[in-house]
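Sequence order for the protein chains is P and D. Counting with the numbering used here, you get residues 97 to 523 for the letters of the first sequence. Counting with the numbering used here, you get residues 97 to 523 for the letters of the second sequence. Take a look at the structure below.
Protein chains: 2
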Amino acid sequence: THESQSCSASALSVDTESLQRQIDELSTFSDTPAPSVTRILYSEKDVLARRYIKNLMGLAGLSIREDAVGNIFGRWNGNDPEIPPVATGSHVDAIPYSGKYDGVVGVLGAIEAVNVLRRSGFKPKRSLEVILFTSEEPTRFGISCLGSRLLAGSEPLADALRRTVDGHNVSFFDAARSAGYAQDRDDLSSVFLKKGSYSAFLELHIEQGPLLEEEGTSIGIVTAIAAPASIKVDFEGNGGHAGAVLMPYRNDAGLAAAELALAVEEHVLQSGSIDTVGTVGILDLHPGAINSIPSKAHIEIDTRDIDEKRRNSVIEKIHHSAITIAKARKVKLSEFRIVNQDPPALSDESIIKAMEDASEELNLTRKWMISRAYHDSLFMARVSPMGMIFIPCYKGYSHKPEEYASIENIADGVKVLALTMAKLSLK
Amino acid sequence: THESQSCSASALSVDTESLQRQIDELSTFSDTPAPSVTRILYSEKDVLARRYIKNLMGLAGLSIREDAVGNIFGRWNGNDPEIPPVATGSHVDAIPYSGKYDGVVGVLGAIEAVNVLRRSGFKPKRSLEVILFTSEEPTRFGISCLGSRLLAGSEPLADALRRTVDGHNVSFFDAARSAGYAQDRDDLSSVFLKKGSYSAFLELHIEQGPLLEEEGTSIGIVTAIAAPASIKVDFEGNGGHAGAVLMPYRNDAGLAAAELALAVEEHVLQSGSIDTVGTVGILDLHPGAINSIPSKAHIEIDTRDIDEKRRNSVIEKIHHSAITIAKARKVKLSEFRIVNQDPPALSDESIIKAMEDASEELNLTRKWMISRAYHDSLFMARVSPMGMIFIPCYKGYSHKPEEYASIENIADGVKVLALTMAKLSLK
Ligand SMILES: [Mn+2]
Ligand SMILES: [Mn+2]
Ligand SMILES: [Mn+2]
Ligand SMILES: [Mn+2]
């Protein structure tokens, strides 16, 4: 009865007041005080945030499905519900003491894009689907993009999760069950998507870099996502009393970790490219007392590049440094584990074209760019053609309470998302 | 009626079985599993340990007094109870994941020394007093030798404690009250001892260094205690996303801390003396996520020397490095606080003589030595003539679960302590 029909840019209007209110309300589900946001996978606040999103999906007329790890799908059935839908989405988990826009803009913005299209009178041919991904951030189990990796069919991850525990020794499955997921069994193969399940996947996200704001450009059209890797390292020494053990008799695991942290920086700076980055965000000393020589040190290293080979060469140099430092300091390198070492992802040409056309029709300035942060799109690209839309954010700040994007910029991003989905839905 | 009388070395016998059992039982009051011991000031386990000690004091016929911060005194009244007593004691708090002998040997050993003297038929002239000191370790409030510093009359500490909180924002006084102390008021002047309150103070302690064991010597006679200092340092940068912020735009507080930790080692090694030591036992990063550049780093530095001037020069160099590193890395040095900077302490000549004579009469090998670890004796030396007795411990290990002293070596130390107390009691 309802014919699918193309969509005119001028018919699109975003309810900025509601959208801003939703962003603010969602930010209150946090384990740390405002303006910081901390929302950890399967925590009470995460469960409340999920309920909040499902309610909004329902109000937008989407039919809801959740999989065994808590990826949430809200579908608007198209006139041709048998062909692969167009999907979009992002995450709502937040690392400790971060902000309220990372991920959130791509979930609440996607639901609002559906509302925008409905208000414009648009009828999709392919179904449209909004996805909330489980645990884009690695906070709780040390695994980034947990939900999208599984959707992309990662058997090794499904297997590893059977033995995965958090920092308090709570198993992944116990945590998932406490949030109402994975009730039946430990088999996660039901989560895997077949290649071709979607005709396109889109993600709207704040830039997390300063370029769009500096240049006054409204929209970033992402052509590629940098290749991320993460590494866990443990050093072990004899420890001992900080007063009684003289310097020549020490093998201080903490100083080995300090040297390795500085070596990471050195190797990254020597890569020859501005695009190589490396970070030590976690450094834990044991026993962690002022009058004890550290007997154990644990560090976690994040390194990324748009060039996978160059990044891998940095990882090799870091490994070599870890071995050399351990030898020189007579500490044991008890672990050097590459947790993930993912290739980069390229956006799909025809999706880039659709995002370009949408921005053009909406009279929005735009630029092609690289995503240096990874996103669930990196993994969705394994099973679907992919594209990402960036919007400006204040000073490029992210992962801290000062993270901010104006509702005007968000609304522009929502319109580009809505119009791009409409175009792709009719293909 | 009872005449005081000198004491013969051959009459002294230690109940090694009971003493070993007490050491083992006390070690079970721990917040971490055996063989590690963790006993934090005013925690439930600390309160249970205190109750255990008071019970043993009672069984040894001592009359018990506790002061407002929980220093515990058990007195054996001498024939001349009006003149200053001879005191001995140590601590039973234990840093996280440490062992069961540090401090404990000097408390349980002191009570056993009383039992030894009673069994030998000895009657003291000066009263004998066993002291359990509150919080020798700085774990909870960052203040080492809290109890003995107050006994030594530290007004600045009594004042600072009014504003002191632990890592969970619990105030010192709330914590003390929860353990049954400081009930009436926040005034701690009642804790201060007048100079001359004791005619002598003795402490029995494991060496926490390898020398006695290596040489096969039974008893260390401490002639001086090294001068300890501790420093808290905070760096602050902008933090940000580990993927999105390119290296030239970073000011990483964690890398500043790593550099400072290595600078501490460098300055200590350059002091020109084997006696200079420096340690970074605490290094905390904020927010502490693998994909966040550290925006804050907190480190705590311990440095000691038997030469106060040389140690102070190391502190100055560390301060200079902190400033230089902060400037070069464009981070803020938001705190550089010298928490304590204590002078060394010398043992009293006549107490050294008494310890010598006691070892001689007991046919025990002995050597003069420096204490590189600090002890409550460092502060008791401010209000009383002081001496310390060391016993060998396995490989010099301390502040870790492998800490060990044989019951035979402990018993020798207890006999030297008992005989020295007997001699000093009659002076
Ligand atoms: Mn993020
Ligand atoms: Mn994100
Ligand atoms: Mn200690
Ligand atoms: Mn001690």
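Every residue, glycine too, gets a C-beta built ideally from N, C-alpha and C.
Beta carbon nearer than 7 Å to a non-hydrogen atom of ligand 2 = Those residues that bring their Cβ nearer than 7 Å to a heavy atom of ligand 2 are P:S186, P:H187, P:D198, P:G199, P:E232, P:H301, P:A469 and P:H471.
What does P596 of chain P touch in chain D if you count any residue whose Cβ is under 7 Å from its own?
-> Since the displayed chain P opens at 97 and closes at 523, residue 596 of chain P lies outside it and no answer follows.
Kindly list, in the order they appear in chain P, the residues whose Cβ is closer than 8 Å to that of D398 of chain D.
-> For a Cβ distance threshold of 8 Å, residue set A338, G339, I386 and N387 of chain P lies close to D398 of chain D, ordered along the chain.
Buried/exposed call for N211 of chain D, threshold 16 Cβ in 10 Å = buried
Beta-carbon neighbours of G305 of chain P, restricted to chain D and to distances below 7 Å | A340
Ignore the nearest five residues each way along the sequence and tell me which others in L115 of chain P's own chain have a CB closer than 8 Å to its CB.
-> Result list for L115 of chain P: L204, G205, E208, I503, I506, A507 and V510, in chain order.
Decide if I414 of chain P is buried, meaning its Cβ has at least 16 other Cβ atoms within 10 Å, or exposed.
-> buried
For A323 of chain D versus D444 of chain D, is the C-beta spacing smaller than 7 Å?
-> no
Candidates P:E251, P:R222, P:G263 and P:G217, of which the one nearest L238 of chain P by Cα | First, the residue type needs correcting, since residue 238 of chain P is Gly and not Leu in the sequence shown. That would be P:G263, whose Cα lies nearest to the Cα of G238 of chain P.
Any Cβ of chain P within less than 7 Å of the Cβ of M476 of chain D?
-> The C-beta of M476 of chain D comes no closer than 7 Å to any C-beta of chain P.
Work out the CA separation of S126 of chain P and S430 of chain D for me, nearest whole Å.
-> 27 Å
Contacts around L144 of chain P, its chain only, beta-carbon distance under 8 Å, and the 5 residues preceding and following it disregarded | F125
Using a Cβ-Cβ cut-off of 7 Å, state whether T97 of chain P counts as contacting chain D.
-> With a pLDDT of only 39 at T97 of chain P, under 50, the local geometry of the prediction cannot be trusted, and the value read off the model is given with reservation. With its beta carbon at least 7 Å from every one in chain D, T97 of chain P lies outside the interface.
Applying a beta-carbon distance threshold of less than 7 Å, which residues of chain D neighbour E456 of chain P?
-> Those do not exist, as E456 of chain P stays about 27 Å from chain D at its closest Cβ, beyond 7 Å.
Out of curiosity, what's the CA-to-CA distance linking A441 of chain P and L307 of chain P?
-> 21 Å
Own chain residues within Cβ distance below 8 Å of S194 of chain D, not counting five before or after = S132, V133, T134, S494, H495, K496, P497 and E499
Sort P:Y345, P:I327 and P:K328 by Cα distance to G335 of chain P and report the nearest one.
-> P:Y345
Checking contacts by CB at 7 Å: is G195 of chain P closer than that to chain D?
-> no
Heavy atom of ligand 5 within 6 Å of K405 of chain D beta-carbon = Inclusion of ligand 5 in the displayed structure is not the case, the ligand content consisting of ligand 1, ligand 2, ligand 3 and ligand 4 alone.
7 Å Cβ cutoff met for N175 of chain D and K141 of chain D = No, these two residues do not count as a Cβ contact at 7 Å.
Indicate whether P390 of chain P and D348 of chain P have their beta-carbon atoms separated by less than 7 Å.
-> yes
Extent of the continuous alpha helix (DSSP H) run through P252 of chain D | E251 to A256
Does any residue of chain P bring its CB to less than 7 Å from the CB of K141 of chain D?
-> no
Contact belief for L158 of chain P with V226 of chain P at Cβ below 8 Å, rounded distance in angstroms = 6 Å
Between the region 380-400 of chain P and the region 310-320 of chain P, are three or more C-beta pairs nearer than 8 Å?
-> no
Three-state secondary structure (DSSP) of H382 of chain P = strand
Residue range of the unbroken beta strand (DSSP E) whose run includes R407 of chain D | Element bounds for R407 of chain D: not the beta strand (DSSP E) but the alpha helix (DSSP H), E404 to R425.
Going by Cα to Cα distance, which pick from D:S186, D:L253, D:G292 and D:A164 is closest to Q437 of chain D?
-> Distances from the alpha-carbon of Q437 of chain D to those of D:S186, D:L253, D:G292 and D:A164 put D:L253 closest.
What residue does the beta strand (DSSP E) around K392 of chain D start on, and which one ends it?
-> K392 to D401
Closer than 9 Å, Cβ to any Cβ of chain P: which residues of the region 362-373 of chain D, in chain order?
-> V364, L365, I370, D371, T372 and V373
Would you mind stating whether L358 of chain P and A354 of chain D have Cβ atoms separated by less than 7 Å?
-> Going by C-beta atoms, L358 of chain P is nearer than 7 Å to A354 of chain D.
Run down chain P in chain order and give the residues with a C-beta less than 7 Å from the C-beta of P324 of chain D.
-> Within chain P, the residues whose beta carbon sits less than 7 Å from that of P324 of chain D are G339, listed in sequence order.
Simplified DSSP assignment, three categories, for G185 of chain P | Looking at G185 of chain P - three-state DSSP - the assignment turns out to be strand.
Can you tell me which of the three DSSP states A450 of chain D falls into?
-> helix
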